[in-house]
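Enquirer:
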Amino acid sequence: MELLLDTGSLRERIEALPVESFAEGDTILAAGTSTGKLFILVSGTAQVTKQDVPICQLAEPGTVLGEISALLGQPHTADVTAATACSFRVADAAEFLRCDPVAALFVATVMAKRLATANEAMVELRHELAGEKPRGVIGRALDRLGKALAPDVDPELARYMYAGWM
């Protein structure tokens, strides 16, 4: 069963957010910093880079940036620069996610789609390497990706979640 977003109210909420524009080459997010903001792409193209390695270009309106930092309470994990002139709707992450369940579901859906795509890529790579034991960097990267699919649950969170079940 797919969760259905109330796209009408979500669109209204997003369109009410202020717009920030960036010129080509401008830094939107810097790895290691904390902005407390979510950026929702309106137009243009942004380049995501991590440790000087290009990860992807984002050009689809509605793409969300800053969600990992917001949800995990940690600094941004990648550098994002404007590959072309671009604009974003910008939200205070805590207010946007905590106070609006539709907005939180929207961000969760975006992240779930990214995870599904990453899972498919990992399976494709494993099929491509079938019969071979990947060594070195590729083998270690695949092992890390596999472990990421079943991460350990924070013990404090687990105690909270299961307190009423036992």
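The opening residue of the sequence shown carries number -4 in the numbering used here; numbering runs sequentially from there.
Quick reminder that beta carbons are idealized off the backbone N, C-alpha and C, glycines included.
Computed from a predicted structure; not experimentally measured.
Determine the burial state of Glu62: buried for a count of at least 16 other Cβ atoms within 10 Å of its Cβ, exposed for fewer.
Expert: With 16 or more Cβ atoms within 10 Å of its Cβ, Glu62 is classed as buried.
Enquirer: Using the rule of at least 16 other Cβ atoms within 10 Å of the residue's Cβ for burial, across every protein chain shown, is Asp74 buried or exposed?
Expert: Residue burial is scored here from C-beta neighbours: Asp74 has at least 16 other C-beta atoms within 10 angstroms and is therefore classed as buried.
Enquirer: State the start and end residues of the unbroken alpha helix (DSSP H) segment that holds Ala113.
Expert: 96 to 123
Enquirer: DSSP on Ala41, reduced to helix/strand/coil?
Expert: strand
Enquirer: Would you check if there are 3 or more beta carbon pairs closer than 8 Å linking the segment 111 to 119 to the segment 15 to 28?
Expert: no
Enquirer: Three or more C-beta pairs under 8 Å: does that hold for the segment 1 to 10 against the segment 42 to 52?
Expert: no
Enquirer: Output the residue ranges of the alpha helix (DSSP H) runs that lie fully inside the segment 18 to 76 and measure 4 residues or longer, sorted by chain position.
Expert: 62 to 67
Enquirer: Give the single residue among Asp87, Pro56, Val105 whose Cα lies nearest to the Cα of Ala30.
Expert: Correcting the residue type first, residue 30 is Thr in the shown sequence and not Ala. Among Asp87, Pro56, Val105, the Cα nearest to that of Thr30 belongs to Asp87.
Enquirer: Is Ala88 helix, strand or coil by DSSP?
Expert: helix
Enquirer: Is the distance from the Cβ of Thr40 to the Cβ of Ala78 below 7 Å?
Expert: yes
Enquirer: Roughly how many angstroms separate the alpha carbons of Arg93 and Ala125, rounded to a whole number?
Expert: 44 Å
Enquirer: Alpha carbons only, please: which of Val37, Cys81, Arg121, Met106 is nearest the one belonging to Asp21?
Expert: Cys81
Enquirer: Measuring alpha carbon to alpha carbon, tell me which residue in Gly57, Thr72, Pro96 is nearest Glu10.
Expert: The shortest Cα separation from Glu10 among Gly57, Thr72, Pro96 belongs to Gly57.
Enquirer: As a quick exercise: from Arg121, Arg84, Ala107, pick the residue whose alpha carbon is nearest that of Val37.
Expert: Arg84
Enquirer: Assign Val132 to buried or exposed, taking buried as 16 or more other Cβ atoms, counted over all protein chains shown, within 10 Å of its Cβ.
Expert: exposed
Enquirer: Looking only at its own chain, which residues have a Cβ that is under 8 Å from the Cβ of Pro70, when we skip the five neighbours before and after it?
Expert: Ala26, Gly27, Thr28, Ser29, Ser64
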